[in-house]
Every structure is written in structure tokens, then in C-alpha cells.
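Q: Sending over a structure as C-alpha cells; questions will come in a sec.
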Amino acid sequence: SSFDNKVKIWNTSTGTNTLIYSGHTDRVTNVAFNKGGDGNGNVASSSFDNTVQYWENAHGILIYVIYNSSPILDVAIYSSRLVCANGDAGNATVHLVNDGTLLFTLQQPGGGQVQGVDIASNFRVALIGMMNGNNLITIFDSISGAYIGTINTGFVSSNRVKLSSIGAFVVACGKDLYGAGYVTRIWNTTTSNLILTIPGHSDLPTEVVFRPDCFLGIPDKLASCSLDKTVRVTNAITGNLIFATTPGDAN
């Protein structure tokens with residue numbers, strides 16, 4: 002996804018660009034494959050054109066469009082559920098994958114912009130957004146719409162959130178509100194307790210992900226990228242650095 006309003010798919014074995022999807026009319030903010038049983042590998046893409054578009058990945062054929070009144074900043078998908086981060090609307094919406102039917106509207110506490118979303122295989126959903134100068138993570142159940150809990154991240158700037166594969170843990174990265182620099186933090190999604198704080202980046206982190214195929218759903222590694230032009234791979238249990246790329250790129 003990119004500023005040219007397009008989504009591109011590559012074959013990971015050959016590196017061949019197999020598809021360019023051109024359905025959006027403004028910047029694409031994120032894309033997600035549906036890797037669950039109901040999705041057949043179809044793709045959802047979110048955009049500043051105020052839409053999420055759901056399309057099949059072999060030929061780029063549009064299946065349906067979800068419309069919003071403001072830019073949709075993130076999208077996540079698993080099996081029968083699709084979740085949109087509705088930015089300035091201060092909420093996320095949960096939809097049925099097969100036809101886009103709206104099931105629930107999940108409200109960020111106190112309003113505030115919802116910047117990122119994720120969904121785990123247990124259908125637990127995490128939202129991240131800004132409230133009174135502080136980033137909050139809110140956890141919901143996407144089957145019932147029930148509220149589970151809110152986590153005060155201590156970040157002044159963070160716009161992405163990721164759940165572990167079975168939804169037991171959540172990770173986010175950003176600039177610490179209290180002067181600790183740029184850090185990554187992991188919490189328990191049931192208790193909201195902070196598990197680990199990981200320093201390392203010298204500029205704002207832009208994304209973080211758990212290793213998806215971890216043993217018994219306990220994440221053992223995570224990777225974070227940053228405006229400091231590096232990717233850092235870290236042990237998610239101890240916080241020890243495994244390796245970091247060298248900042249050899251201009252961006």
C-alpha cells in the first residue's frame with residue numbers, strides 16, 4: 002500500500018508482482034489478508050478516500066465497499082470478522098466478512114481519534130487512539146461486542162497496535178509520555194498489566210509485530226521498525242535484542 006492509491010501483491014517465492022489493485026482514489030493506509038477459514042485469502046484495504054474495500058486477491062475483483070465519513074486509518078481481518086479504525090469518528094466498526102454487514106461500533110473511551118486496530122484468532126480486538134494527549138489501547142470481544150478493558154500506554158505518539166496470535170498479549174510502540182524515549186511495551190489483554198518495556202530505537206517507531214507462529218500462542222519474538230531507519234528484532238520474553246539492521250537507507 003502507498004501514496005499512489007494502489008495496493009500491490011507479490012509472490013514471496015519468486016518476487017514477482019502478481020497484482021496491482023487500483024480501486025482507491027486516495028492514499029492507502031493499510032492492507033490485510035484474511036487468513037482465517039472464511040476468507041480464502043481475500044484482501045481488505047483502508048484508505049484516506051473514506052473506504053475499506055474488500056476484494057479477491059487473484060484478480061483484484063471488488064467484492065464490496067465499506068463507507069465512512071472520514072479517512073479509515075487501519076483495517077484488520079480474521080475469519081468472519083473485519084474491523085475498521087475510523088479515525089476522527091473516535092470508534093472502530095466490526096463487520097461480517099462475507100458481505101460487510103455492520104455488527105458493532107466499538108467506542109474509544111472519551112472519544113478521540115482511533116488510529117489502529119488488530120484482531121486475534123480468539124476474535125479479541127484491540128484499538129489504539131489518542132485521548133487527552135495520551136494513547137489508550139481498548140480491548141473488546143468482536144463476537145459479542147463486549148468491552149474487556151483499557152490500557153494506558155504512557156505514549157504520547159503511537160498509531161499501531163498488534164495482538165499475539167491467540168489474543169493473550171498486545172504490543173505497541175511509541176514515544177514515552179514521561180521522557181523514557183522511544184520504547185515498545187507488551188501488556189496482558191485480560192488483566193491490562195504491563196509485562197515488558199523494551200527500549201532501543203532512537204526515533205519514533207512506526208510499526209511493531211509479534212512472530213505469528215509462536216509455541217502455544219506465547220510470543221517469543223517481535224520486530225519493530227522506526228524513523229531511525231532500522232528494524233530491531235527482540236526477544237519478547239526477556240527484552241534482549243536479537244539483531245538490528247544497519248541504517249543504510251535514506252528513508
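Counting the sequence shown from 1 gives a position; the numbering used here is that position plus 1.
All C-beta atoms in this analysis are idealised placements derived from N, C-alpha and C, irrespective of residue type, glycine included.
Expressed to the nearest angstrom, what Euclidean distance is found between the alpha-carbon atoms of Leu83 and Gly42?
A: About 13 Å.
Q: If you reduce the DSSP assignment to three classes, tell me which class Leu83 lands in.
A: strand
Q: Please determine, among Gly201, Thr207, Leu197 and Leu20, the residue with the shortest C-alpha to C-alpha distance to Tyr238.
A: One point to set straight first is that residue 238 is Ile, not Tyr, in the sequence displayed. Measuring from the Cα of Ile238, the nearest candidate turns out to be Leu197.
Q: Would you say the segment 220-238 touches the segment 175-182, given that touching needs at least three Cβ pairs under 8 Å?
A: Not touching, per the Cβ criterion.
Q: Once the 5 residues before and after Thr26 are set aside, which same chain residues still bring their CB inside 7 Å of it?
A: Excluding sequence neighbours, Thr26 sits near Asn6 and Asp50.
Q: From Ala33 to Tyr55, what distance separates their C-alpha atoms?
A: In this structure, the alpha-carbon of Ala33 lies about 10 Å from that of Tyr55.
Q: When you compare each of Phe105, Pro72, Val53 and Thr190 to Asn153 by their alpha carbons, which one comes out closest?
A: Thr190
Q: Does Leu74 pass the burial test, meaning 16 or more other C-beta atoms within 10 Å, or should it be called exposed?
A: buried
Q: Distance check for Val76 and Asp204, CA to CA, integer angstroms please.
A: 25 Å
Q: Is the Cβ-Cβ distance between Thr102 and Ala93 less than 9 Å?
A: no
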